[in-house]
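The numbering of the sequence shown is the numbering used here, which starts it at 667 and goes up by one.
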Amino acid sequence: MTSDNERKLRDAEAYLGIASGLLQEVIDSEWRDMDDSDCETEAMIDNLESICDAVHKQQAQLFNIYSGISIEAIRQSFPNTLRMLEDD
């Protein structure tokens, strides 16, 4: 994977984190402001919670993909590093 695409993955993961945080703020605010018998708002909050959970899961998957790529890059560069040390 190119370094540009790796950066885009990191950015996408960060944006999903921001989106998840914003959704959670809306959810928390709506719970605080909701009337006891407001079924419509409660249904909306339930939908927002589902969306927030899905966004958070997608963020975690992107993080796992990016982490796997980073670990593989380190693993591949390790033999080269050992050779450089042996040459010195």
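For glycine and all other residues, C-beta sits at the position ideal for the given N, C-alpha and C. Source: prediction; values computed, not measured.
Judged by beta-carbon spacing, GLN725 lies beyond the 7 Å limit of GLU672, meaning their Cβ atoms are not closer than that value. Annotated as distal: ILE731 and GLU715, with beta-carbon spacing of 7 Å or more. Distance between MET700 and LYS674, taken at the CA atoms: about 38 Å. Selection SER686, ASP677 and ARG676 evaluated against HIS722 yields SER686 as nearest (Cα-Cα). Exclusion of the five residues before and after LEU682 leaves VAL721, GLN724, GLN725 and LEU728 as the residues of its chain whose Cβ lies within less than 7 Å of its Cβ.
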